[in-house]
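Following: one structure in structure tokens, then a few remarks.
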Amino acid sequence: MSRPSSLDPLFASLSGMKGVGPQISKLFNRFLASGEGQDALVLDLLMHMPSQMVDRRRMDGVAAAEPGEIATLRLHIDAHRPPPRGKPQVPHRVLAHDETGDIDLVFFRAEGGWVEKSLPVGEVRFVSGRIAAFNGGRQMAHPDYIVAEDRLETLPLVEPVYPVTHGLSSKLVLKLIRQAVGRIPALPEWIPPARLSGSGWPGFPEALRRAHLPTEPGEADLAAPARMRLAYDEYLAGQLALLIVRSELAGPRGKARQLTGLISAKVEAALPFDLTAGQRAAIADIFADLHKPERMSRLVQGDVGAGKTVVALMAMAAVAETGAQSALMAPTEILATQHYRSLEPSARAAGLSIRLVTGKMPAAEKRAALAAIESGDAQIIVGTHALFQQQVAFHDLALAVVDEQHRFGVHQRLALNAKSAHADLLVMTATPIPRSLVLTHFGDMAVSILKEKPKGRQPIETATIAADDVDRLVARVKAQLDQGAQAFWICPLVEESEVVDLVSAEDRFNALKPIFGDRIALVHGRMSAADKDAAMGRFQSGDAQLLVATTVVEVGVDVPKATIIVIEHAERFGLAQLHQLRGRVGRGRDKSFCVLLYAEPLSLLARERLKTIRGTDDGFVIAEKDLELRGPGDVLGTRQSGMPGYRLAVPDVHRHLLELAHEDALAIMAHNPGLTGPEGLALRGLLYVFRKDLAIPLIHAG
Ligand code: ADP
Ligand code: MG
3 MSRPSSLDPL
13 FASLSGMKGV
23 GPQISKLFNR
33 FLASGEGQDA
43 LVLDLLMHMP
53 SQMVDRRRMD
63 GVAAAEPGEI
73 ATLRLHIDAH
83 RPPPRGKPQV
93 PHRVLAHDET
103 GDIDLVFFRA
113 EGGWVEKSLP
123 VGEVRFVSGR
133 IAAFNGGRQM
143 AHPDYIVAED
153 RLETLPLVEP
163 VYPVTHGLSS
173 KLVLKLIRQA
183 VGRIPALPEW
193 IPPARLSGSG
203 WPGFPEALRR
213 AHLPTEPGEA
223 DLAAPARMRL
233 AYDEYLAGQL
243 ALLIVRSELA
253 GPRGKARQLT
263 GLISAKVEAA
273 LPFDLTAGQR
283 AAIADIFADL
293 HKPERMSRLV
303 QGDVGAGKTV
313 VALMAMAAVA
323 ETGAQSALMA
333 PTEILATQHY
343 RSLEPSARAA
353 GLSIRLVTGK
363 MPAAEKRAAL
373 AAIESGDAQI
383 IVGTHALFQQ
393 QVAFHDLALA
403 VVDEQHRFGV
413 HQRLALNAKS
423 AHADLLVMTA
433 TPIPRSLVLT
443 HFGDMAVSIL
453 KEKPKGRQPI
463 ETATIAADDV
473 DRLVARVKAQ
483 LDQGAQAFWI
493 CPLVEESEVV
503 DLVSAEDRFN
513 ALKPIFGDRI
523 ALVHGRMSAA
533 DKDAAMGRFQ
543 SGDAQLLVAT
553 TVVEVGVDVP
563 KATIIVIEHA
573 ERFGLAQLHQ
583 LRGRVGRGRD
593 KSFCVLLYAE
603 PLSLLARERL
613 KTIRGTDDGF
623 VIAEKDLELR
633 GPGDVLGTRQ
643 SGMPGYRLAV
653 PDVHRHLLEL
663 AHEDALAIMA
673 HNPGLTGPEG
683 LALRGLLYVF
693 RKDLAIPLIH
703 AG
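To get our numbering, take the position in the sequence shown, counting from 1, and add 2.
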């Protein structure tokens, strides 16, 4: 059953709206779309919640407006006092009054005569902005709104403020939101009557309207009925989808796995090191799972450098003993290639056939790899999530290992299921994920934790250095490289940017190239896969000693010989990211160094972050501090956190609703698992609206 056409207005592309040209539409696609390469939809816009409400309803005149307050005034414009010629630093003043008093409107560096045009002498204008005291009187600098009397309705008396990306404005978002709110179709109520009655919650369309365009700012409060309802809706959709998927994916595998231990023993013998106790325990957990008749769903959690990859290799070796295949999926091609290179020697030594598949490999090579996967010749397949694409046909996929990918949610599981209905799942992550989150996003996953790092690791020495000192740093790095060391040099951007004054990877590369000559390589996200590969390959082989890179090397890149990492503009990075980046060194026996270059002035928050990262190397401590610094509301909800995010629910405020949604979803699945009848129809609408519709084909009637 396809999506009801009544929902079409919500699924229209934003590019079709008034005021959205190609440029703006591109920005929105990047900022709001639910997936890469997808269009931002009216629905995505409606799910983009304001961060704040500005109350402009104070309209009782100049005399009553207190300094510091936001007021909206109906003013007679009396005179203009532009800055004297040649003195552009003097502000342009506009004298105005209403029945209660006088006020100056002040504009700094207002060129081009627009102030005169928008505030004509002798006319009346509504202006809204923050009141300030000045020379015993009142002034307002740069009003937020100036509108003619007959256009008062365009001045939002309760104004939502939206988080935006560079190039978009909150005002533009508001303009589009006004159009979008008008397009919300009537939808059948999906909240169970027992939950709705007495709650005081409005219907879904009304809740969205109040959240965006409240008549009273309080209507849009996180704890007000509208936002409570929307949060509950989001949780209910998630829980329902999870239960549907779980009922499909859980349960018996239908295939017993007969492990012999022969191949995994060979792999272990071929490893250049002894497994740690933690690795052994995790491997034992996995083998026990594989023996069981149920499908495995396990998370291996271990800090950066803990050695998760070899745990995966042992699991894949065990699966090979049963004659079946395993796939290891990494988030980027760089990582996939690296995994392949690092696993290949031990795998081959144990007689395993291992294959790499990347998106951009030469066609002939790819065809050969795909053929080997289809025939079953390939026992271990390494790639990115492209392995789930249609053209990849597995002979007998029994185990999927997902590396460093927290977004392995419902959709990905379904795609995996389509490849193999009996495949086991192993997810590897460096991010400590709270148990409640594991439950809501992965379903019931068992967790193995790698607590200790491999023996012989030395702590990484971390220093913070002001950007002015970069020349001395370069000299010291050069001295180390002369002695054979390898170093990463991380920059936040690819190209020089006009808007922010940051050093880009390309700039840094060009500046360092004369000093380091052939020993330097560059890698960033905008290079072709082949160029990236070549640069990484040179660094991995030791041919290049200095790798200038963007955060493409953030997760998982493993070059044990590299002992130095310089992170430029460290003040721009979040704690988790700094920890991940630093984790690129300290992977071998040699002492490693991390240099955090920062540009003044440092915000308090940045200062605190740098202090934390300098003070500890413990991923759990850092994760906790991260939560603390980012504060409530931003803990799990954002995209940057790398967690599957909620758009409407704010876990800190709405967590109790998750429990309710969980109970309700269980009850619904118990009495109406086929989602039939009017109730089922409404709930399917809910799944569509919250983009959980991939679960819909799984619904079994009765
Ligand atoms: P992560 O957990 O961050 O994915 P990796 O699996 O990349 O860590 O391992 C980090 C480094 O530690 C690799 O170079 C790997 O070969 C090495 N390593 C893994 N296990 C051990 C061990 N038991 N003893 C020594 N080195 C190990
Ligand atoms: Mg890893």
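C-beta: ideal position from N, C-alpha, C; glycine also.
Here the structure is a predicted model, which means the values were calculated and not measured.
Around the Cβ of R297, a 10 Å sphere holds 16 or more other Cβ atoms; the residue is buried.
In terms of Cβ geometry, Q485 and T565 do not form a close pair [threshold 8 Å]. Distance from the Cα of Q54 is smallest, within the candidate group S199, P145, E221, for E221.
Excluding sequence positions up to five before and after L29, its CB lies within less than 6 Å of the CB of G169, L170, all in the same chain and listed in chain order.
The closest heavy atom of the ligand MG lies 7 Å or more from the beta carbon of T156.
The ligand ADP has no heavy atom closer than 7 Å to the beta-carbon of A226. Taking D10 as reference, the option from A469, R185, A551, Q393 with the minimal CA-CA separation is R185. Within the model, the alpha-carbon separation for L677 versus I701 is close to 7 Å. In this structure, the beta-carbon distance from D560 to R540 does not fall below 8 Å.
Around the beta carbon of G309, 16 or more other beta carbons sit within 10 angstroms, so the residue counts as buried. Per DSSP, R140 is not a residue of any alpha helix (DSSP H); the beta strand (DSSP E) it occupies stretches across 139 to 143. A direct Cα-to-Cα measurement between V568 and P562 gives close to 16 Å.
Cβ-Cβ distances below 6 Å link V302 to A284, K310, V313, M430, S450 in the same chain, with the five nearest sequence neighbours on each side left out; the list follows chain order.
DSSP, reduced to helix, strand and coil, places P162 within a strand of the structure shown. Considered as a whole, the stretch 68 to 111 harbours no complete run of any alpha helix (DSSP H) with no fewer than 4 residues. If you check the C-beta of F692 against the ligand ADP, you find no heavy atom less than 7 Å away. For M230, the closest C-alpha among the options S249, P204, I382, Q340 is that of P204. When C-alpha distances from T324 are compared across A578, G378, R357, the shortest belongs to G378. If you check the C-beta of D146 against the ligand ADP, you find no heavy atom less than 7 Å away. Residue state for A66 is assigned as coil, using DSSP reduced to three classes.
About 5 Å separates the CB atoms of T386 and A338; that is less than 8 Å, so the two are in contact.
Remark: fewer than three beta-carbon pairs, one from each stretch, lie closer than 8 Å, so the stretch 674 to 692 and the stretch 85 to 94 are not flagged as touching. G682: not part of any beta strand (DSSP E); member of the alpha helix (DSSP H) spanning 679 to 691, first to last residue. Excluding sequence positions up to five before and after V175, its CB lies within less than 6 Å of the CB of Y164, all in the same chain and listed in chain order. Per DSSP, the continuous alpha helix (DSSP H) segment holding Y342 begins and ends at 335 to 351. In this structure A228 does not touch L659 by the C-beta definition: roughly 13 Å separates them, more than the 8 Å allowed. Between M142 and L107 the beta-carbon gap is near 5 Å, inside 8 Å, which marks them as a contact. Burial is judged here by how many other beta carbons sit within 10 angstroms of a residue's own beta carbon; F275 has fewer than 16 and is exposed. Within 7 Å of the C-beta of E406 there is at least one heavy atom belonging to the ligand MG.
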